[in-house]
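Protein chains in written order, with my numbering: chain A, 1 to 116; chain B, 1001 to 1904. Every residue, glycine too, gets a C-beta built ideally from N, C-alpha and C. Reviewing the structure listed below.
Quick look at the structure:
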């Protein structure tokens, strides 16, 4: 069942988390995980637990901040939101990924042509 | 939170210590996550159980999530280390008896090492004062006659002047007359004291590149007659005699009855190890210092700063060539004399003559540390034996072998640092003790011993080293643990402990070998030193008071005045109550007087460097009676042997044996060369008699040349009235405590001359003790360390046997149940102990065989061959090993088989 799903490259999860928080505002860990699954159209193979390692890493770099709060259904949860520094980083990283993916697309496209 | 604003790596470090809290927080987060997921699943219509199962699947395992979180938030290396540390500390606290034993053992080893290392730091690692002392060389002559320090003999003034002009290797070159401590009298506020002084050419302080604390150092031209009456004070003298008065600069003090202006004060740090001058005056070299006679007076140390780019080998080659040329031009005086060049730090250490003693004692304490480590390793092994199951469980749960080894090393480190900390405390006291003990002469007490950075880093280094040494064996064994075997093994480790026990046996065997080696080495040195201490010097050294006198040239310019002074003073001292005999002697007996060469009448007259030699003493008539030297033949000097009578000398028995083949020498004549090798008198006051013939009128018994030397040398004694000297010692035989006589002596001398200070008033015994250069302290330290080594080794033997008896309780109980008697059990255990002791002792003995040879090459004045020491130490160590084995053996023989087997 997982064969068709994408394995996450190193660093991509961090970027997805940043983007999610930038778009959605403050979210708790489960919310972030679910949001990423939905946006990716369930194409990403995500062990939801791994999100927390990413969150602590981003928090230590001061790209996101965290605060305990209460969810809509009255549960205590830790809410994360992106910082100024995180937004700056997101812009840089997003640009980098865009460039990388377009380059990858070109390279792979060329190879297919060459192979024919 | 403030932690959030720190850089990531710091947060990662801090996270290690907030582990519990962070884990707790994460757990709260994860459980919230789980509930959100379950709620969503319930909404989709799953059963409660299925909702929870699916949620857990999606999380991908709680434990994995936690582990990833930990990895992300904290530095892994540190985190593991602190885990190990926590574990180690827990282990240490859980087992206080074990910990105390291990920590105390290591603390002893480390403390002793750090204490002794303070001596290495103080004597060897200390850099001389001044800028870049590694660019300063010291140039000395090499005495062809040989003897102690023959290759750091002084240089004559003509050679200093000639050599410094002949080469351009030196930025600055200076000469200092300081050999043996020149004595100067200082009169200040009506008090006259004797001080050690040094006369230096003006460039001296420039060569060393030291600046004064106050005033100035000498400058060019300060050595010109008329301008040379200026003095620079040492910090100590300034502090002690002048109350640190900064206005002392420019004031006038009286030195040797002449007025000198204080030009400067040196800082406290300016101190060349082994040299203790209290003041410096300009050295004036006149035309008299350029004569042929001045060539024999080798009284200068030459210091030179090398020009940039010039190397030591270059200088050595150059100086050797210069010395050779000098030898060719002036064969009369320079025949055979060479030159040696050393870097200043090296020179100071060499002249101080302490390196070999330090090497020996550092080796000894090094061995002690090894033995201590072996003991602690044994303890750790024993404990690891008891923890085999625990380790196996950890390994089966996925801990790698490396991880296990690392954890054991952390335990070793914990113990070693605890031991190191306590060891430093011990070292603090040890160094205090050493400092108090190392006051036996001014040069030694000038060296500061302290718990400095060198000692601290050394202590840290050996702590880490001992941690590695202690945990190496347990770590290796543990990493070889066979998980299956260890877990299945339900029995009481009767057989499985064997590999541990074997390793421990090896360790204890090594300990015994090391202890034996140490004790034999110590025993040999002890024997040699004691033999030296107890040797008969040839004088009766008890009830003798001595005091040095230097008659200055101001008031006593010629032999007549010197003669008159002695002739008037001695009878007055003799009349004091308690004085049994009074004499003056040029150099105190057994303190290394200078040699003279001479010619025997009727024998061919060889060139000066081939002539016979003898140790030269100038004595007053009562000397032999006062010193207690028996007259063997002929007569001693009388008042009639004066400057108008024919020259006479006395010789000792060794002289007769060596130069007259034991034939009767009475009536034979000898002619003594003046100023043979630059004794303090040299040319300035040489009397006429020394170049004429003197008749041998008597033979006295031998006296040792030097108290630490076992040889006898030929001695020749000249009468003071015929050859007066300006520097001599008074010697008074008293009928009670000699020190009690000192005030009366001082009073009488100051009545004769108020401005003449007495130098070093003290008993002959104390003079010899000071000369002992710390041998007694050396012996005491060695003895204490050997004892410590023995005790540690004994504890090692005891610990191992006691442990193995404990392990074998079951086996022994079965033996007893099957009919073994107490004697049999005792014998079995004893055999185990004695086997180790025997093998260890054999190895130690073999290693100790070359020791006498090693020592005799290191301490050439010492006789260390002593086969009985080998036997004695061997017996002693076997006895101690037997005792250490006997206690657990007796316990083993009393095992009650019924109880032991039931308790299984």
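With 16 other Cβ atoms within 10 Å as the buried cut-off, status of residue i
i                      : result
residue 1877 (chain B) : buried
residue 1476 (chain B) : exposed
residue 20 (chain A)   : buried
residue 1892 (chain B) : buried
residue 1846 (chain B) : exposed
residue 1687 (chain B) : Interpretation of residue 1687 (chain B) is limited by its pLDDT of 39, a score under 50 that renders its predicted location unreliable; the figure taken from the coordinates is listed afterwards. Counting Cβ neighbours within 10 Å, residue 1687 (chain B) comes out buried, since at least 16 surround it.
residue 1317 (chain B) : exposed
residue 1587 (chain B) : buried
residue 68 (chain A)   : exposed
residue 1353 (chain B) : exposed
residue 1575 (chain B) : exposed
residue 1280 (chain B) : buried
residue 1048 (chain B) : exposed
residue 1196 (chain B) : buried
residue 1726 (chain B) : buried
residue 1020 (chain B) : exposed
residue 1269 (chain B) : exposed
residue 1436 (chain B) : exposed
residue 48 (chain A)   : buried
residue 101 (chain A)  : exposed
residue 982 (chain B)  : The first residue shown for chain B is 1001 and the last is 1904, placing residue 982 (chain B) beyond what the model contains.
Residue i and residue j closer than 8 Å at C-beta
i                      : j                      : result
residue 1335 (chain B) : residue 1607 (chain B) : yes
residue 964 (chain B)  : residue 1784 (chain B) : Nothing in the structure corresponds to residue 964 (chain B), since chain B is present only between 1001 and 1904.
residue 1454 (chain B) : residue 1121 (chain B) : yes
residue 1383 (chain B) : residue 1098 (chain B) : yes
residue 1375 (chain B) : residue 1799 (chain B) : yes
residue 1668 (chain B) : residue 1601 (chain B) : yes
residue 1789 (chain B) : residue 1518 (chain B) : yes
residue 1198 (chain B) : residue 1192 (chain B) : no
residue 1256 (chain B) : residue 1178 (chain B) : no
residue 1844 (chain B) : residue 1514 (chain B) : yes
residue 1124 (chain B) : residue 1358 (chain B) : yes
residue 85 (chain A)   : residue 99 (chain A)   : no
residue 1474 (chain B) : residue 1413 (chain B) : no
residue 1512 (chain B) : residue 1836 (chain B) : yes
residue 1598 (chain B) : residue 1672 (chain B) : yes
residue 1775 (chain B) : residue 1721 (chain B) : no
residue 1553 (chain B) : residue 1145 (chain B) : no
residue 1701 (chain B) : residue 1632 (chain B) : yes
residue 1532 (chain B) : residue 1733 (chain B) : no
Report the residue ranges of all alpha helix (DSSP H) runs contained in full by the stretch 1198–1248 of chain B; include only those spanning at least 4 residues, in chain order.
1204–1208 and 1235–1242
Residues, ordered as in the chain, of the stretch 1018–1051 of chain B that lie near chain A by beta-carbon distance below 9 Å
1022, 1025, 1026, 1028, 1029, 1030, 1032, 1033, 1034, 1035, 1036, 1037, 1039 and 1040
Mind the definition here: the stretch 86–103 of chain A touches the stretch 1061–1079 of chain B only if three or more C-beta pairs lie below 8 Å; say whether that holds.
no
With three or more C-beta pairs closer than 8 Å as the rule, is the stretch 1696–1716 of chain B touching the stretch 1643–1662 of chain B?
yes
Note down, in chain order, all residues in the stretch 41–57 of chain A with a beta-carbon under 7 Å from any beta-carbon belonging to chain B.
47, 48, 49, 50, 52, 53, 56 and 57
Quick check: the stretch 1228–1248 of chain B against the stretch 1147–1157 of chain B, are there 3 or more CB pairs under 8 Å?
no
Whether or not the stretch 1642–1655 of chain B and the stretch 1711–1718 of chain B are in contact is what I'm after, with contact meaning three or more pairs of Cβ atoms, one per stretch, closer than 8 Å; do they touch?
yes
If the cut-off is 8 Å on Cβ atoms, which residues from the stretch 57–79 of chain A count as contacting chain B, listed in chain order?
57, 59, 60, 61, 62, 65, 71, 73, 75, 76, 77 and 78
Below 8 Å between beta carbons is the criterion; list the residues of the stretch 12–32 of chain A that meet it against any residue of chain B, in chain order.
28, 29, 30 and 31
I'd like the ranges of any beta strand (DSSP E) spanning at least 3 consecutive residues and lying wholly in the stretch 1527–1593 of chain B.
1544–1550 and 1579–1585
Across the stretch 1540–1549 of chain B and the stretch 1759–1770 of chain B, are there enough close Cβ pairs to call them in contact, namely three or more that are closer than 8 Å?
yes
For the stretch 1355–1376 of chain B, enumerate the residues whose C-beta is nearer than 9 Å to any C-beta of chain A, in chain order.
none
Can you find at least 3 beta carbon pairs, one from the stretch 1207–1224 of chain B and one from the stretch 1263–1273 of chain B, that sit closer than 8 Å?
yes
Scan the stretch 1740–1774 of chain B and note each continuous beta strand (DSSP E) run of 3 residues or more that stays entirely inside, going in chain order.
1759–1763
For the pair the stretch 1200–1210 of chain B and the stretch 1244–1253 of chain B, tell me if three or more CB-CB distances fall below 8 Å.
no
Count Cβ pairs between the stretch 1135–1149 of chain B and the stretch 1329–1344 of chain B that sit closer than 8 Å; are there 3 or more?
yes
Could you tell me whether the stretch 1855–1870 of chain B touches the stretch 1822–1837 of chain B, using the rule of 3 or more Cβ pairs below 8 Å?
no
The stretch 1410–1430 of chain B touching the stretch 1462–1474 of chain B, judged by at least three CB pairs closer than 8 Å
yes
For the stretch 1587–1646 of chain B, list the beta strand (DSSP E) runs that are entirely contained and at least 3 residues long, ordered along the chain.
1595–1600, 1613–1619 and 1631–1634
Contact the stretch 1800–1817 of chain B vs the stretch 1730–1749 of chain B: 3+ CB pairs below 8 Å:
no
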